[in-house]
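Participant: In the working numbering, the protein residues as written are 133 to 242. Built from N, CA and C at the ideal position, the CB exists for glycine as well.
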Amino acid sequence: EKQQQSQLEFSQLISLTKIQAEDKEMEAQDYVEAMKKAQEQEILKLEKRHMQEIHRLKEEQSNSLRHERDGLMEKEKFWAEQVGNEKKKVDNLHRDIEKLNDELHEERTR
């Protein structure tokens, strides 16, 4: 009878050990799943932050290029005006030369 009692206790101890091992395994699986979810959330946060940074940098570059373009257009407008003014001066000088040539020609033909 003592042997049966010992076998029963041993059998119960083995069953209890198996249950505890299964509980530990489930806890470990839950922990692994929780860690995976936390990592996925962290990855999503990083991806979101990276996308925001990329968007910010694109905006910054776009604004910089727009500012540079506007500056170049202002310079182009300024130089176009300068060229126009110089062209007018040249045209006036040609007219003055023609006028002087005409006067000189009249003076010689008298």
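Hey, could you find the ends of the alpha helix (DSSP H) E185 is sitting in?
Facilitator: 134-241
Participant: Would you report the Cα separation of K169 and R188, rounded to the nearest angstrom?
Facilitator: 28 angstroms
Participant: Whole angstroms are fine: how far does the CA of H182 sit from the CA of F210?
Facilitator: 42 angstroms
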